[in-house]
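Here is the structure we will look at.
In my numbering, the protein residues as written are 176 to 249.
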């Protein structure tokens, strides 16, 4: 089963498509239907949540470079 966050993201993304006036009417209607369905999809309440934990700081080692140099524009 998907996590609650997965269902919420599906609902949010399809709701944005359903409200986008640049999309054709049939796509908007289908996206609205999927958004409504995503709101009632079952989810796993015990699914692990990805949490980023910062690494511990070692005071005897100088910090590594966090960013790399950019040599060209993207």
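Idealized CB from N, CA, C, for every residue including glycine.
Note that the coordinates shown come from a computational prediction; the quantities given were computed from them, not determined experimentally.
Residue i, buried or exposed, once every other Cβ within 10 Å from all chains shown has been counted against 16
i, result
"residue 182", "buried"
"residue 204", "exposed"
"residue 213", "buried"
"residue 222", "exposed"
"residue 180", "exposed"
"residue 206", "buried"
"residue 211", "exposed"
Where residue i falls: helix, strand or coil (DSSP)
i, result
"residue 186", "helix"
"residue 196", "coil"
"residue 201", "helix"
Contacting residues, own chain, Cβ-Cβ under 6 Å from residue i (five flanking each side not counted)
i, result
"residue 216", "182"
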